[in-house]
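In our numbering, the protein residues as written are 9 to 491. C-beta atoms are modelled at their ideal positions from N, C-alpha and C, and glycine is treated no differently. Here's the structure, in structure tokens; my notes come after.
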RNA sequence: GCGGGAGUAGCUCAAUGGUAGAGCGUCAGCCUUCCAAGCUGAAUGUUGCGAGUUCGAGUCUCGUCUCCCGCUCCA
């Protein structure tokens, strides 16, 4: 059972310390969120799962951690300086919004001369003269195009001033480019041969026009991106393999198949670099009536062709024999010693949002259970691997010093092996409920009998069943059940 | 950015223009042999922020910020 909606998760997150609104005491900052003690553990576990699965276990992928601020030319040749700046116009009448560069001349007259004259006037001038009809309502009352810069601008150098173009830099809008510009470095030092991948986890920044929906779309976010380099003829097959593999990975994180969906991007939707892109969608909005609209993007898996490596290389020339990229000092082509060919590898890019994955995991793990008294209890059925806390050690009664002492010792013994906490601020029922709500798989309870028989009760989060386990075997028992 | 809605304790919400409250949660003590028990006590608010009207503003007016829902973009 998934959470009824994102609001439920927001409320739980604030209440229990997964996610807080950022700079809250100063009134907050649009779409910024801070991760609390449980949130950071969960996020780290997600990232670790991804890294281990791709970089450590596959054996054909290297890790990388590149700079957030790069030379501005990186973003010039990646295409972001032009594509990440959209001129937008609004219709004052029907409130629709359009990209000015994608507007088309409508037919306004049967008279070819009139129509021709109309089409020869720049759209921007027509809009200014209130002579261009809104594609939606047809009324001629559009606002002038305003540029929306999706990239965060900053200046490099302590003495640089805001207007100094030479000091202008951007916070990266994606981590991918850091990988492409390091392709040669990694290739040479790791002695890899095609096919192989480079993986990176890191923050990216976009001045989204419309952020929102909690941590679903924020201006500062974290990506787990991997660029897999291969021969052009292998790209479609490898692309499909990753599409399949990532679905399985999401299953392994506890996300149910019924809340996941594939989406094939249409030709119009494809990014400037992509040949084919398949998104994996998650049911982030189960409360929406239209089933289609319940789903939104969790990750994208793109075939970027050889666009990026070529764009950053010095050899490609245009029709006139001029270098397409006169600024780069290197050529990112690959030489195959077996076939004596030199070419630009194709790239398959699975890009996952850390924050979105976290949200999907929380929503999917959210479960409500009715207890014997008919009250609703919240259980976060997180995979043990992802749970921020693995074990809570609880004294059944805290007015017995022997029980408390035993529980504290037990906690100390366990925490070197697994994340363990101790809690005695409440009756046993409340302590269990609290751990259920934050997804702790097991509670270990020390009672009066424990003092006699050196055994404790282990309670299962999902079934609420209890089992008596000897303290001497406890650590091994828990490790086994935690997987 | 535009349109619509909303901001009161950690959460959920009260409070005719007249002393800012409740429940839950949190914390401390007592009690307690297993699923948010009970008792006692405590902390927590410049009512988002700033002006204005008024003898007096949580309440009325204006500005501003933030959040939510749509429009564009994407992980």
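Asked, Found
"The alpha helix (DSSP H) enclosing residue 244, as first and last residue numbers", "243–260"
"Boundaries of the beta strand (DSSP E) in which residue 349 is found, first to last residue", "349–351"
"Pair within 8 Å by beta-carbon distance, residue 150 and residue 140", "yes"
"Between the CA atoms of residue 240 and residue 326 - distance to the nearest angstrom", "21 Å"
"Secondary structure, beta strand (DSSP E): runs of 3+ residues fully inside the segment 161–213", "161–163, 176–178 and 204–213"
"First and last residue of the uninterrupted alpha helix (DSSP H) at residue 409", "409–423"
"Under the three-state DSSP convention, the category residue 332 falls into", "coil"
"Short Cβ contact (8 Å threshold) for residue 426 with residue 389", "no"
"Contact check, residue 281 vs residue 316, beta carbons under 8 Å", "yes"
"Distance between residue 223 and residue 361 (C-alpha atoms, nearest Å)", "10 Å"
"Close Cβ partners of residue 86 (< 7 Å) along its chain, the five nearest in sequence each way excluded", "185, 316 and 319"
"Integer-rounded CB distance, given that residue 261 should sit under 8 Å from residue 394", "6 Å"
"8 Å Cβ cutoff met for residue 387 and residue 46", "no"
"Delimiting residues of the alpha helix (DSSP H) encompassing residue 126", "120–128"
"Residue nearest to residue 66 in terms of C-alpha spacing, selected from 53, 57 and 122", "57"
"Reference residue 409; option with closest CA among 365, 137, 163 and 432", "432"
"DSSP state of residue 281 mapped onto helix, strand, coil", "coil"
"C-beta contact flag for residue 74 and residue 251 at 8 Å", "no"
"Residue 390 - partner residues in DSSP beta bridges", "Its beta-bridge partners do not exist; DSSP assigns none."
"Cα-Cα separation between residue 6 and residue 444, rounded to whole angstroms", "Outside the modelled stretch of the chain, which goes from 9 to 491, sits residue 6, for which no answer is possible."
"Span separating the alpha-carbon of residue 430 from that of residue 97", "57 Å"
"Residue range of the unbroken beta strand (DSSP E) whose run includes residue 371", "That residue, residue 371, is in no beta strand (DSSP E); its alpha helix (DSSP H) goes 362–373."
"Host beta strand (DSSP E) of residue 474 (start-end)", "474–478"
"Inter-residue Cα distance where the pair is residue 301 and residue 13", "13 Å"
"Sufficient close CB pairs (3 or more, under 8 Å) joining the segment 205–218 to the segment 228–246", "yes"
"Ordered list of beta strand (DSSP E) runs contained in the segment 51–78, each at least 3 residues", "69–71"
"Residue 115 classed as buried or exposed, judged by whether at least 16 other C-beta atoms fall within 10 angstroms", "exposed"
"CB of residue 288 within 8 Å of CB of residue 356, strictly", "no"
"Counterpart residues of residue 451 in DSSP-defined beta bridges", "400 and 467"
"Buried or exposed (CB count within 10 angstroms, at least 16 for buried), residue 254", "buried"
"Proximity test, residue 267 beta-carbon vs the ligand NAP heavy atom, cut-off 7 Å", "Absent from the structure shown: the ligand NAP. Ligands present: none."
"Counted within 10 angstroms of its Cβ, other Cβ atoms place residue 448 as buried (16 or more) or exposed", "buried"
"N-terminal and C-terminal residue of the beta strand (DSSP E) that residue 306 is part of", "304–313"
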